[in-house]
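Numbered according to our numbering, the first sequence terminates at residue 614, and the numbering increases by one at each position without gaps.
Inspection log for the structure reproduced underneath, given as structure tokens.
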Amino acid sequence: MLKDTYCGDLRAADAGRTVRLAGWVHRRRDHGGLIFIDLRDSHGIVQIVLSPDQAEAHEAAHRARTEWVLAVEGEVRPRSAATINPNIPTGEVEVVPARVEVLSEAQTPPFYINEPVEVDEQLRLRYRYLDLRRPEAGNIIRLRHEVVRYIRDFLSDRGFIEVETPTLIKSTPEGARDFLVPSRMRPGQFFALPQSPQILKELLMVAGVEKYFQLARCYRDEDFRANRVAEHTQLDLEMSFVDEADVMGLVEELYTGIAQRFGGGRPIASTPFPKLDYFDCMDRYGIDRPDLRYGLEVVNIADTVRRSEFKVFQDALANGGEIKAIRIPGQAGMTRREIDHLTETARSGGARGLAYIGFTGDELRSPIARFLSESEVNAIRTVTGANDGDMVVIVADQADVVAKSLYEVRDALGTSLGLKNQDQLSFAWVTGFPLLEWRPDEERWDATHNPFSGFREEDRHLLDTDPGKVIARQYDLTLNGSEVGGGSIRISNRADQERILAMMRHSPEQQRERFGVLLDALEFGAPPMGGVGMGIDRLMMSLVGTENIRDVIAFPKASSGTDPLMSAPSPVDDAQLRELGLRLIG
RNA sequence: GGCCCCGUGGUGUAGCGGCCUAACAUGCCACCCUGUCAAGGUGGAGAUCGGCGGUUCGAAUCCGCUCGGGGUCGCCA
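Written out as structure tokens, the structure is:
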């Protein structure tokens with residue numbers, strides 16, 4: 029090794045040691061006589077001091093520029109009291125080199141590495157290897173390693189084995205669009221990249237593995253978002269002979285440990301994690317992954333205004349809809365502009381408008397008050413618990429529109445009122461999901477999560493009479509309002525699996541073609557089984573407090589779906605295409 | 001695919017019809033400088049304003065198209 033010590037590791041106790049350091053010039057302060065160089069490596073930064081006495085070293089330091097790579101050999105010296113820098117961990121010492129060697133020179137970087145300035149993301153991605161030198165960026169990748177290592181240790185200690193599954197698998201036209209890989213040896217045929225190792229992990233259970241996990245790369249060929257990329261990493265895990273409580277308990281212990289160790293001291297809002305029912309969630313938050321860091325719960329006020337004159341309310345109820353409200357404490361005086369903005373937000377959720385009542389002492393601030401009797405207003409006030417100074421906003425429409433609109437309103441308020449406390453990790457389980465939902469356009473049932481989720485035995489009879497009422501043995505984990513993972517106890521017998529697939533309008537031929545392997549395997553002694561897929565990227569986003577999923581990935585694709593670093597995708601030679609039996613059209 | 005926002009020296013921004021021969025900060029280069037840590041001082045180089053076309057006496061500034069980027073809806077678990 030050219031070095032025996034990391035720059036960032038030096039402390040007062042190292043004073044007097046002779047060390048060999050190597051790293052990058054973070055910053056240089058050349059006083060003509062004295063030269064200070066902040067030398068940076070993967071552990072941090074330490075100050076190097078060069079006086080003109082050591083002519084050769086001084087000369088090298090004088091030539092050196094930002095991001096040059098230097099090897100330094102010298103003595104660690106305590107700094108005098110007046111020159112201690114309390115802002116950096118190594119600030120009590122500095123290194124006085126006898127020798128400075130330039131290992132590599134460097135062009136001026138295209139953006140600042142030594143200052144946290146917001147730079148165009150494409151430029152950063154194109155030079156990601158420089159971007160990652162920025163401690164703020166690189167430390168996320170290092171933290172990710174620690175988290176992943178913790179996961180591996182945790183599960184290994186509990187008898188899990190990590191098994192790799194293939195990256196080239198069979199395409200199933202279910203769910204998201206597959207990435208396809210043409211087969212050279214079978215021209216005209218294609219592999220798909222896995223959207224998750226779902227079937228394979230169930231086969232591992234049939235294989236008697238009992239406890240499996242994998243940090244699996246999952247691929248979906250869909251458009252990107254701030255928190256969505258084409259390839260993401262999931263902690264994929266499956267266990268035999270378990271029920272919901274076993275899997276949820278294990279995941280909860282794991283995630284509590286991760287949050288405590290890597291959450292930067294941020295408290296977990298509640299342990300054990302709250303368990304919410306899906307229908308309850310939809311009722312109170314309008315969404316199945318509520319952000320529990322703040323209140324602003326949705327209240328049903330249909331009963332209080334059932335006999336109201338107000339046509340909007342009448343129509344909604346006459347058409348089988350709902351009327352719900354959110355009480356916003358202390359916001360009766362919000363500006364016209366803010367109200368308009370909230371109304372716009374509600375409209376984006378499908379609502380035609382947003383009614384409001386501001387309780388400002390004796391007066392009511394409300395365009396709809398004249399359609400309501402005094403007792404109705406009082407009833408609304410009682411049901412919502414509104415005090416003087418509170419604002420109540422109301423949406424009346426079909427249930428799904430009310431839910432979506434008020435979810436959007438609540439979410440917007442959470443942001444604008446500063447209620448999304450970044451210093452809190454608020455986990456919650458959501459269970460009790462419907463197994464199936466009706467697709468009117470396709471006239472078939474579809475799985476709400478995945479077609480292998482089991483269902484409550486007591487709901488079995490409903491499969492014939494009212495399939496939409498069947499509750500799945502599904503559980504999702506949410507963190508600060510985003511879904512960080514989910515799983516289920518699986519169907520583990522062929523008859524049930526075939527029955528569900530049939531309800532989803534898979535013909536027996538399609539079932540054999542697409543899921544034959546699994547169906548067969550379920551006939552050879554399949555154990556009861558269940559597991560989860562946990563999104564590692566989103567977990568890391570929460571741990572480091574970023575909105576951008578690309579921050580937690582070493583070499584991410586840009587939002588456009590391209591790779592500015594490698595310039596991918598790119599055209600290929602005709603010869604390559606020919607070999608694959610492909611020809612480009614258009 | 002729809003909608004919204006952005007595109008000015010290396011980087012981050014200002015300028016939004018003529019005062020722009022494009023400003024500021026930082027970075028870069030040179031010189032001065034022995035205790036700085038965003039070192040300081042002096043001087044200097046560096047962008048025709050994403051591209052194309054149009055309106056106008058005159059366009060970084062207005063209009064159209066286009067390319068690139070970001071966000072969002074659709075899509076996606």
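Backbone N, C-alpha and C fix where the C-beta goes; we use that ideal spot for every residue, glycine too.
{"Item": "First through last residue of the beta strand (DSSP E) which encompasses Ala-456", "Value": "455 to 459"}
{"Item": "Length of the line joining the Cα atoms of Ala-360 and Tyr-384", "Value": "9 angstroms"}
{"Item": "DSSP three-state assignment for Lys-198, whether helix, strand or coil", "Value": "coil"}
{"Item": "Where Met-233 sits in the DSSP three-state scheme", "Value": "helix"}
{"Item": "Start-to-end residues for the alpha helix (DSSP H) that takes in Asp-181", "Value": "163 to 185"}
{"Item": "Rounded C-alpha distance that separates Leu-221 from Ala-596", "Value": "17 angstroms"}
{"Item": "Backbone secondary structure at Tyr-155 - three-state DSSP", "Value": "coil"}
{"Item": "Outcome for Ser-454 when other beta-carbon atoms lying within 10 angstroms are tallied against a minimum of 16", "Value": "buried"}
{"Item": "Ala-424, enclosing beta strand (DSSP E) - first and last residue", "Value": "419 to 425"}
{"Item": "Assumed close pair Pro-555, Phe-269 - CB separation to whole angstroms, cut-off 8 angstroms", "Value": "6 angstroms"}
{"Item": "Straight-line Cα distance separating Ala-500 from Ile-581", "Value": "33 angstroms"}
{"Item": "Rounded separation between Pro-615 and Arg-152 - CA only", "Value": "The shown model of the chain, from 29 to 614, leaves out residue 615, and the question about it has no answer."}
{"Item": "For Glu-281, the nearest candidate out of Ser-535, Phe-301 and Val-429 (CA to CA)", "Value": "Phe-301"}
{"Item": "At least three beta-carbon pairs within less than 8 angstroms, the stretch 399 to 412 to the stretch 432 to 439", "Value": "no"}
{"Item": "Boundaries of the beta strand (DSSP E) in which Ile-76 is found, first to last residue", "Value": "72 to 78"}
{"Item": "Other residues of its chain near Met-419: CB distance less than 7 angstroms, five sequence neighbours each side excluded", "Value": "Ile-356, Gln-359, Ala-360, Met-362, Tyr-384 and Gly-386"}
{"Item": "Beta bridge counterpart(s) of Pro-125 as assigned by DSSP", "Value": "Gly-102"}
{"Item": "Boundaries of the beta strand (DSSP E) in which Leu-546 is found, first to last residue", "Value": "Taken as a continuous stretch (DSSP letters only), Leu-546 belongs to no beta strand (DSSP E), being part of the alpha helix (DSSP H) at 536 to 549."}
{"Item": "4 or more residues per run - each alpha helix (DSSP H) lying fully within the stretch 350 to 408", "Value": "364 to 376"}
{"Item": "Nearest candidate by alpha-carbon position, reference Gly-323, set Gly-314, Ala-330 and Ile-329", "Value": "Gly-314"}
{"Item": "Option in Leu-98, Ala-530 and Leu-463 with minimal Cα separation from Arg-522", "Value": "Ala-530"}
{"Item": "Between the CA atoms of Ala-424 and Leu-345 - distance to the nearest angstrom", "Value": "8 angstroms"}
{"Item": "Neighbourhood of Ala-92 by C-beta distance below 7 angstroms, restricted to the same chain and skipping five residues each side", "Value": "Val-53, Arg-56, Ile-65, Leu-98 and Val-130"}
{"Item": "Assigned exposure category for Gly-609 - 16 Cβ within 10 Å defines buried", "Value": "exposed"}
{"Item": "As assigned by DSSP and simplified to three states, the class of Phe-338", "Value": "coil"}
{"Item": "Cβ contact (3+ pairs, closer than 8 angstroms) linking the stretch 511 to 519 and the stretch 465 to 483", "Value": "yes"}
{"Item": "CA-to-CA distance, Leu-243 to Ser-570, given in whole angstroms", "Value": "18 angstroms"}
{"Item": "Three-way DSSP call (helix, strand, coil) for Met-532 in this model", "Value": "coil"}
{"Item": "Distance CB(Pro-495)-CB(Leu-464) smaller than 7 angstroms", "Value": "yes"}
{"Item": "Candidates Ser-199, Arg-45, His-71 and Gly-36: closest to Glu-541 by CA position", "Value": "Ser-199"}
{"Item": "Host beta strand (DSSP E) of Cys-1 (start-end)", "Value": "Limits of the chain in this structure are 29 at one end and 614 at the other, which puts residue 1 out of reach."}
{"Item": "Bounding residues of the alpha helix (DSSP H) (the contiguous stretch that carries Phe-290)", "Value": "272 to 290"}
{"Item": "Nearest-angstrom Cα separation, counted from Thr-373 out to Ser-336", "Value": "26 angstroms"}
{"Item": "His-86, DSSP secondary structure in three states", "Value": "helix"}
{"Item": "Simplified DSSP assignment, three categories, for Phe-219", "Value": "strand"}
{"Item": "Spatial distance of Met-233 from Glu-551 (CA atoms)", "Value": "13 angstroms"}
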